[in-house]
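Residue numbers (the working numbering), protein chains in the order written: chain F, 2 to 315; chain P, 1295 to 1678; chain Z, 5 to 393. We treat Cβ as the ideally placed atom computed from N, Cα and C, and that holds for glycine. What you are looking at is a predicted structure, and each value in this text was computed from that prediction instead of being measured.
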Amino acid sequence: MSLVAFREVVKKYDTALTVNHLTFNIEAGEVFGLLGPNGAGKSTTIHMLSGLLEPSGGDILVDGFSIRKQPLEVKKRIGLVPQELAIYEALTARENVTFFAKLYGLRGQLLRDRVDEALRFVGLLDRAKDKPLTFSGGMKRRLNIACAIMHRPKLIIMDEPTVGIDPQSRNHILESVRELNRLGSTVIYTSHYMEEIEAICSRIGILDQGKLIACGTKDELKRQSGQAEKLIFEIDRAIEPALLEMQEHPGVKHVDVDKNGTVLEITVKESSSILQDLLFIVQKHGINLRKLTRVEPNLESLFLQMTGRTLRDE
Amino acid sequence: MASLHIALHLIRRTMGSRRGLIMNVLLPTIILSIMAGLFSNMQDKRAVILVSNADKGDLGSYLAASMTKESLYDVRLDPAFSEQALKAAVLNGEADAAVYISSDFTSALLAGEQSKAVLYRKNEQLWNASLATLLMTEANKLASTAELARSAGNGGEMDVRKLHALLDAQAIPKATAENVGMKLGKIVSNPMMIGLILMFVMLLVSQSIGFVMEDREHRTMARMFTAPLRAIDIALGNFIGSLLVGTLQLIIVLSMTFFVFGYSPGTSFGSMLLVLECFLFAAVGLASAAAGLVRNSAHLSNLNNIIITPSCLISGCFFPLSMLPDFIQKLANFTPQKWAIQAIDRLGADGTISDIKLQLLILLLFAAVLIAFGSAVLKPNQTH
Amino acid sequence: MRLWWTTACYELIKYSRMRSVLIILIALPLVLILLLGSAFDTHIKPAKVALHVADRGQMRESIDLFWKDEAITPYIHVLVADSEKEVQDWVSEGIADYGIYVPESFSEKLLAGEMAKWHTFSGRYGEKNMVAEAVVDRYMANVNLNLAAVATFGPNYKPVNEKSGSAMVSGESFLTIGTLDAGDNQVFGKATSMQYYSVAYLIMFLLYGGMSAALALLDQKENGTLQRLYAIPVSFRISVFGIIVGSVLLAALQAIIIIAFTASVYGVEWGRHFGWIMLICLLTVAAGVGLAITIASFAGTSKTTQTLFSILIFTMTFLSGGMIAGIESMIGDVSKWTINYWANSGLRAIMSGNDSLAIWNNIGMLALISIILTIIGIIRLPKVVKQHG
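What follows is the structure, encoded as structure tokens:
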């Protein structure tokens, strides 16, 4: 049984469908990336999953429990790291985590242990007595995470957790996502930073205008897109026969040459390993290879191809 | 159980910090104590009436004595004052009023001539109008008595024995007014202390509702809602929290003023707390209804400034309601403060809880209606 | 020159968008003036007396006549009740200020030579009880005089006042009343209550208006627009000056509206020296701005500044008699340590309109306070506007 199952989920505002018959599963142990431009319905989807919004139609099952019928059971299994810094500036880091932990019903020694654990996990244990007023943006983000994990949820939902922070803190956060996953939590991660999603997610869903337009592992998505990888050869001189030979290779779609004839852009048919063959051709014709670059298709171009828009044009 | 945590959390945020403790507990207590001190001084202030009786006869002393019956006058007899000196004393504020009885007062009355005692006052006010009425009654009585005695004598001759017989007969009057003791509270007529307590309660409650508003703005309320609790748990938590904050403040401030500074409104601590608790319900309702009208907590504190001070003024928190024009007095019926003051006033008049059922019911009705309006503020919303 | 004017104008535009701020600065003082001014109106409000006369005997006519007497109507307003119980209820509920019940047996007992009594019920207010009692005494004195006459001379004595059949002389009074200064009042001085509170709240809210300069500077520092002004290639001081001028203009507007409104709608007499009034208002605002900037330089955040400054203004207004008139007599010279005291006294002196020495005394003190506070404000200003001040 999947950990999370979306069943024909619909969310209507007035007449507009923000989320349009969403159906997909997330398996236990995954880091699932939810990708999409602003306004695609990512936050609405997340809010429905965490009980903040009620679906207009369909249902979401978490660990077999319906968000409509057993919302409390669902919520027990979820930890939401919201997009906003939902923490109390006037309370210390420890008080913040403790307050939310109490809402999850943690008591006594267990409560203290779990709060310590969460603070240690995000690297704030030594600052536990300080108020977030004195924290840097990244530290506040980490506290924001600590407040969502002290009850050891099966499913952690991270809604754009890296907005507006420095690279170092971002790496720290990405590393903690991997760590949480290793410790057994399933993670749903939304972002419009392609690189983050590519770096940490085992499976990716792409949302656009409330619809899931693609879903699968990175490789599956690339295959789905029909896009292929490119090999770029920078050489000292172009030799016609060598080009012809390359073009005729069964693994090559086509070869583009720039006007100087020194840069070859070779589009490769899907996942064939032809690098060795090409290198052989180059060598055979006595061409000096100055530089070789391999360009994999990325999600950005995938998205562009599927929707005709870029991810970040708001 | 989760509601309780949210409630405790709200208390910590309002009163837990040093600033909260000073602003919400210490400051009200200090102000109330200063007020209690000031007013206990003020109540001792009676109208000072300087009386100079220069009368050579004995009728003047009847006139002077008539004033001493009224306990609200501080009558000071001093024959050394001349008429001019009395006038000056009134003008420069040494005395609130002065009475001069001239040396020929008795002889002129006996002779049936015009001699008038003089009352000096700065301007006409109700209290000195009654002083004037009192003196006029006495003077006319004396004059009439003298007239009677003279007309009974032969050919306008004064029969002094008859005069004294008449005066003696009036000394033990047959017709009198008997004041039936009414148990009336002192709060409606002197509401400042209770009024201030009510105002502080409203200010504090609006502040804790302001924290709830902040919870909404900063999305911490949404975060609470992702924990396994229902919307009603959060609403209840916030409601109970606001009530507890108010109750705590009430208990601390009341015990300080009652037991440390010795203020006594004539009611027991417990029944006073009961009325104020009902008022607290209404205040929470009012603050949350107000919060529903505005977008953020900064607007809320502005709105509260606009609502709280004027509504305290028109509901008789700071001065008796009867001083205001009639239409404002009617308007006051729509403020919870008026009913709380009335209830405490009745308790002060030895009323029991059953005597103030109506007032408490009205307060709770206020609470019910206003909370219905404001409940949306206390719980997380389902749309955004 | 143009820059500070531009800045000031944009400040005014920003204020005009803050509806709740405008309501607090302009509408709230007008409401408070109206409420307090009419509550403490010095006109005599008659005592409401609940009256039930159960007596149907011989005295009934004289009782009815007595309560209709024109001499008592300025002080007594009679409410006719249907029973003794109703009289009591009215008094306890505050519908009436005083209650009188004349029992059925009053005439009977009196004629039989027994003690006869009215029942009176004192209400909550000492002053009103007093006047009602004095009026009741008047009736009783009359009755007792007649009884004494009958007792002394026998039933056949000749009434002095033949028309009413009473022994009491009427038509002339044996008391002269000297009302020394009709316009003067113990609490409000020479002013009416409306004038008194108009002055008190104009000054209080002008001081509040002065706070808006400090808040504008702090807010602009907090949201970074002040830094942007740093970047403009003109003197930073000039733009800060413009922001302050903006709030002074707001306060001037506030003063004009409050004065015009109270003068035209509440009929408050402000005197003839409009220029002097404006001078006092300006000095008050300057003092307020200086004080607010000084406080802001120590407080740091706009929230703390607001709290501290509000408490200070409240205290000063209270001490200068703006909330409880006549408080000066209780606290002595403390009130002279407030800005409000000098501004209030100055304005009231202008209202009463004769003593220009007193006016200039007050204006002088106010100017001195304003200058000192402005200087301190200027010294502390860098702490408020500089990011790392």
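Contact with chain P by F101/F, beta-carbon distance below 8 Å: Within the first sequence, the letter at position 100 stands for residue 101/F. Closer than 8 Å: yes.
Sequence-distant residues of its chain with Cβ nearer than 6 Å to D15/F (five each side left out): In the first sequence, counting from the first residue as 1, residue 15/F sits at position 14. Closer than 6 Å at Cβ, skipping near neighbours: no residue.
Reduced DSSP secondary structure (H/G/I, E/B, other) of H1512/P: Here residue 1512/P refers to the residue found at position 218 of the second sequence. Here H1512/P sits in coil by DSSP.
Limits of the unbroken beta strand (DSSP E) element including K225/Z: The residue labelled residue 225/Z in the question sits at position 221 within the third sequence. K225/Z -> not in any beta strand (DSSP E); alpha helix (DSSP H) instead, spanning 197-227.
Outcome for F1660/P when other beta-carbon atoms lying within 10 angstroms are tallied against a minimum of 16: If you number the second sequence from 1, residue 1660/P lands on position 366. With 16 or more other Cβ atoms inside 10 Å of its own Cβ, F1660/P counts as buried.
Distance between L184/Z and L1414/P (C-alpha atoms, nearest Å): Within the second sequence, the letter at position 120 stands for residue 1414/P. Within the third sequence, the letter at position 180 stands for residue 184/Z. Checking the displayed sequence, the identity of residue 1414/P turns out to be Tyr instead of Leu. Each residue's Cα considered, the two are about 7 Å apart.
CB contact below 8 Å: S1311/P versus chain F: Position 17 of the second sequence, counting from 1, holds the residue named residue 1311/P. Output row for S1311/P: interface = yes.
Under 9 Å from the C-beta of R1513/P: neighbouring residues of chain F: The residue given as residue 1513/P occupies position 219 in the second sequence. Near R1513/P (Cβ distances below 9 Å), the residues of chain F are P83, Q84, E85, L86, A87.
Amino acids of chain F, ordered along the chain, whose beta-carbon sits closer than 8 Å to that of H1299/P: The residue labelled residue 1299/P in the question sits at position 5 within the second sequence. By Cβ distance, chain F contributes F100, K103, L104.
Option in L1641/P, L1523/P, M1493/P with minimal Cα separation from F1563/P: Taking the first residue of the second sequence as 1, we reach residue 1563/P at position 269. If we check each option's Cα against that of F1563/P, L1641/P comes out closest.
In DSSP terms, what S192/F is bridged to: Working through the first sequence from its first residue, we reach residue 192/F at position 191. BP columns for S192/F point to L36/F.
Own chain partners of V1539/P with C-beta closer than 6 Å, once the 5 adjacent residues on each side are dropped: On the second sequence, residue 1539/P is found 245 positions in, with the first residue counted as 1. Residues of the same chain with a CB within less than 6 Å of the CB of V1539/P, apart from the 5 flanking positions on each side, are I1305, T1308, S1502 in chain order.
Stretch pair the region 99-109 of chain Z + the region 48-59 of chain Z: three plus CB contacts closer than 8 Å: Note that the region 99-109 of chain Z touches the region 48-59 of chain Z; at least 3 beta-carbon pairs, one per stretch, sit closer than 8 Å.
For A303/Z, the three-state DSSP class (helix, strand or coil): For the purposes of this step, residue 303/Z is taken as residue 299 along the third sequence, with counting starting at 1. Under the three-state reduction of DSSP output, A303/Z falls in the helix class.
Distance cut-off 7 Å: T1629/P Cβ against heavy atoms of the ligand FMN: As for the ligand FMN, it is missing from this structure, which has no ligand bound.
Rounded straight-line distance, which links the Cα of Y79/Z to that of L16/Z: In the third sequence, counting from the first residue as 1, residue 16/Z sits at position 12. In the third sequence, counting from the first residue as 1, residue 79/Z sits at position 75. Between the alpha carbons of L16/Z and Y79/Z lies a gap of roughly 52 Å.
Per-residue DSSP class, three states only, for T1677/P: For the purposes of this step, residue 1677/P is taken as residue 383 along the second sequence, with counting starting at 1. For T1677/P, the predicted model reports a pLDDT of 49, less than 50, meaning its position is unreliable; a value from the coordinates is still stated below. Annotated three-state conformation of T1677/P is coil, per DSSP.
Chain Z residues whose Cβ lies nearer than 9 Å to that of Q1501/P: Along the second sequence, read from residue 1 onward, the residue named residue 1501/P stands at position 207. Residues of chain Z whose Cβ lies closer than 9 Å to the Cβ of Q1501/P do not exist; the shortest such Cβ separation is about 11 Å.
Cβ-based burial, G65/F [other Cβ within 10 Å; buried from 16]: Taking the first sequence and counting its residues from 1, one reaches residue 65/F at position 64. Its Cβ having fewer than 16 others within 10 Å, G65/F is exposed.
Counted within 10 angstroms of its Cβ, other Cβ atoms place T229/Z as buried (16 or more) or exposed: If you number the third sequence from 1, residue 229/Z lands on position 225. When all chains shown are included, T229/Z counts as exposed.
Residues of the region 115-135 of chain Z whose Cβ lies closer than 8 Å to any Cβ of chain P, in chain order: Here the close residues are G117, E118, M119, A120, K121, W122, H123, T124, F125, S126, G127, R128, Y129, G130, E131, K132, M134, V135.
At least 3 beta-carbon pairs within less than 8 Å: the region 1652-1659 of chain P vs the region 1566-1578 of chain P: Yes, they touch.
E230/F vs V269/F beta-carbon contact at 8 Å: Translated into positions along the first sequence, residue 230/F becomes position 229. Translated into positions along the first sequence, residue 269/F becomes position 268. In this structure, E230/F places its C-beta atom within 8 Å of the C-beta atom of V269/F.
First and last residue of the uninterrupted alpha helix (DSSP H) at V244/Z: For this step, residue 244/Z is matched to residue 240 along the third sequence. Counting along the chain, the alpha helix (DSSP H) containing V244/Z begins and ends at 240-268.
Contacts of K70/F in chain P (Cβ-Cβ under 7 Å): The residue given as residue 70/F occupies position 69 in the first sequence. What K70/F touches in chain P: nothing, since even the nearest Cβ is about 13 Å away.
Continuous beta strand (DSSP E) assignments of at least 3 residues falling wholly in the region 142-230 of chain F: Under the rule that a run must span 3 or more residues, the beta strand (DSSP E) segments found entirely inside the region 142-230 of chain F read 156-160, 187-192, 204-209, 212-217.
Candidates T1514/P, L1420/P, I1546/P: closest to L1315/P by CA position: Start at 1 with the first residue of the second sequence, and residue 1315/P comes out as number 21. The candidate whose alpha carbon is nearest that of L1315/P is I1546/P.
Residues near N303/Z in its chain [Cβ-Cβ closer than 7 Å; skip 5 each side]: As a first step, residue 303/Z is located in the third sequence; it is residue number 299 there, counting from the start. The question names Asn, yet the displayed sequence has Ala at residue 303/Z. Here the set comprises T309, L312.
Integer-rounded CB distance, given that T1561/P should sit under 8 Å from I1638/P: Looking up residue 1638/P in the second sequence gives position 344. Looking up residue 1561/P in the second sequence gives position 267. So it is a contact: roughly 6 Å between Cβ atoms.
R8/F: first and last residue of the uninterrupted beta strand (DSSP E) it sits in: By 1-based counting over the first sequence, the position of residue 8/F is 7. Taken as a continuous stretch (DSSP letters only), the beta strand (DSSP E) holding R8/F covers 5-14.
Under the three-state DSSP convention, the category T11/Z falls into: By 1-based counting over the third sequence, the position of residue 11/Z is 7. Look at T11/Z here: in three-state DSSP terms it is helix.
Per-residue burial, S1365/P [other beta carbons within 10 Å of its own, 16 or more giving buried]: The sequence position of residue 1365/P within the second sequence is 71, counting from 1. Label assigned to S1365/P: exposed.
CB of R115/F within 8 Å of CB of H152/F, strictly: For the purposes of this step, residue 115/F is taken as the residue at position 114 of the first sequence. For the purposes of this step, residue 152/F is taken as the residue at position 151 of the first sequence. Yes, the Cβ-Cβ distance between R115/F and H152/F is below 8 Å.
For H277/Z, the first and last residue of its enclosing alpha helix (DSSP H): Taking the third sequence and counting its residues from 1, the one referred to as residue 277/Z is at position 273. Run containing H277/Z: none; DSSP gives neither H nor E here.
Closest Cα partner of I233/F within the set L134/F, L276/F, K212/F: For the purposes of this step, residue 233/F is taken as the residue at position 232 of the first sequence. Among L134/F, L276/F, K212/F, the Cα nearest to that of I233/F is on L276/F.
One or two residues paired with E118/F in a DSSP bridge: Counting from 1 along the first sequence, the entry for residue 118/F is found at position 117. Checking the DSSP bridge columns, you'll see E118/F has no partner listed.
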